[in-house]
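Engineer: Take the sequence shown: its letters are residues 1 to 313, numbered as in the UniProt record's numbering. Below is one structure. I have some questions about it.
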Amino acid sequence: MSKSKVAALQIGSSAQGKAATLEHILSFEAAIRDSGAQLVVMPEALLGGYPKGEIFGTRLGYRLPEGREAFAAYYENAIDVPGAETAALAELSARCGASIVIGVIERAGSTLYCTALFFDPQAGLVAKHRKLMPTGTERLIWGQGDGSTLPVVNTAAGVAGAAICWENHMPLLRMAMYAKGVQIWCAPTVDEREIWQCSMRHIAHEGRCFVISACQVQPSPSALGIEVPGWDPARPLINGGSVIVGPLGEILAGPLHGETGLVVAQIDTDELIRARYDFDVVGHYARPDVFALNVDERAKRSVQFTGGEPGGL
Numbered sequence: 001m002s003k004s005k006v007a008a009l010q011i012g013s014s015a016q017g018k019a020a021t022l023e024h025i026l027s028f029e030a031a032i033r034d035s036g037a038q039l040v041v042m043p044e045a046l047l048g049g050y051p052k053g054e055i056f057g058t059r060l061g062y063r064l065p066e067g068r069e070a071f072a073a074y075y076e077n078a079i080d081v082p083g084a085e086t087a088a089l090a091e092l093s094a095r096c097g098a099s100i101v102i103g104v105i106e107r108a109g110s111t112l113y114c115t116a117l118f119f120d121p122q123a124g125l126v127a128k129h130r131k132l133m134p135t136g137t138e139r140l141i142w143g144q145g146d147g148s149t150l151p152v153v154n155t156a157a158g159v160a161g162a163a164i165c166w167e168n169h170m171p172l173l174r175m176a177m178y179a180k181g182v183q184i185w186c187a188p189t190v191d192e193r194e195i196w197q198c199s200m201r202h203i204a205h206e207g208r209c210f211v212i213s214a215c216q217v218q219p220s221p222s223a224l225g226i227e228v229p230g231w232d233p234a235r236p237l238i239n240g241g242s243v244i245v246g247p248l249g250e251i252l253a254g255p256l257h258g259e260t261g262l263v264v265a266q267i268d269t270d271e272l273i274r275a276r277y278d279f280d281v282v283g284h285y286a287r288p289d290v291f292a293l294n295v296d297e298r299a300k301r302s303v304q305f306t307g308g309e310p311g312g313l
């Protein structure tokens, strides 16, 4: 069946930590089921948190002890993949009969990654994508993903892939994902700006695909009882803007601002062939005689062991 319903869940990380955030996510179970959505996208860094305004005690050339304490607390609030939180999300996916794409902070060893996880109603956790290039000072706290986590996943709604926040501005990443046959482009984010809406419409129009962008929503610093230097204390830290866009760049649902909730739209993947009639970015509109893109999907490990006898003296 080419027609289905998809959704973006606009929600924010709880200041009380990942357990409270997970509880909030699970509280939307009935709403997801009632919506009939077969694919639900949730925001960037939802489990683990996006610490907007935090500087982690770092100045150019030196780091303060309180920054190490802040990072340790952030690390503690991140999740293991797989782990208890992914098990709970897999169960939610199964109960709702919906695939889920969700942004998390993944810990691996002593490094944190901004990651998008893919859940299937029958198979549970099936794939992950680690953000290739953290933006700006995100590079202080998150490692870089590699080409080994650029999955596309078959869902009941269509073939889904993900790019996280400003990865969506990477033209070569977009080209690689288009070549993988993405029908539903999932964009977990914390970017609330109007220009983000333009980017989502552009990607839908460029890739001739459906785009689901799920953005966090966070209260103002004054509501949270915190100070964020240079930020209007009455302005929300993140004001949402979750949106669903069709393959010709038309907005199908949203954007939703300033509140939590589901943004839902019906899509029809049969429309993609009609949309690509005059523009297929990796097909008839490509020029492989002029341009070529090589994508290295090998996992990059800092230490490789070869040869030797196990347990040798």
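Yeah, the Cβ is synthetic: ideal placement off N, Cα and C, and Gly gets one too. These figures come from a predicted structure and were not determined experimentally.
Starting from the N-terminal side, write out each stretch of the beta strand (DSSP E) that is 3 residues or longer and does not extend beyond the segment 16–41.
Structural biologist: 37–41
Engineer: Per DSSP, which residues does residue 117 bridge with? Please list them.
Structural biologist: 102, 128
Engineer: Using the Cβ count rule (16 or more neighbours within 10 Å means buried), how would you classify residue 306?
Structural biologist: exposed
Engineer: Just confirm the distance between the C-beta atoms of residue 203 and residue 168, as a whole number of angstroms; I'd bet it's less than 8 Å.
Structural biologist: Correct: roughly 6 Å between the Cβ atoms.
Engineer: In the DSSP assignment, the alpha helix (DSSP H) including residue 168 goes from what residue to what residue?
Structural biologist: Element bounds for residue 168: n/a, residue is neither H nor E.
Engineer: In whole angstroms, what separates the C-alpha of residue 221 from that of residue 231?
Structural biologist: 8 Å
Engineer: Which residues bound the beta strand (DSSP E) around residue 254?
Structural biologist: 251–257
Engineer: With a threshold of 16 other CB atoms inside 10 Å of the CB of residue 302, please say whether the residue is buried or exposed.
Structural biologist: By the neighbour-count rule (16 or more Cβ atoms within 10 Å), residue 302 is not buried but exposed.
Engineer: Could you spell out where the beta strand (DSSP E) holding residue 4 opens and where it closes?
Structural biologist: 3–10
Engineer: Looking only at its own chain, which residues have a Cβ that is under 6 Å from the Cβ of residue 158, when we skip the five neighbours before and after it?
Structural biologist: 183, 184, 269
Engineer: Assuming residue 162 contacts residue 39 under a Cβ cut-off of 8 Å, what Cβ separation, rounded to an integer in Å, is found between them?
Structural biologist: Distance from residue 162 to residue 39 at the Cβ level is roughly 11 Å; contact not present, criterion being Cβ atoms closer than 8 Å.
Engineer: Where does residue 222 fall in DSSP's three states?
Structural biologist: helix
Engineer: What do you get for residue 205, buried or exposed, if any count of 16 or more other CB atoms within 10 angstroms of its CB means buried?
Structural biologist: buried
Engineer: With distance defined between alpha-carbon atoms, name the residue in 216, 289, 241 nearest to residue 51.
Structural biologist: 216
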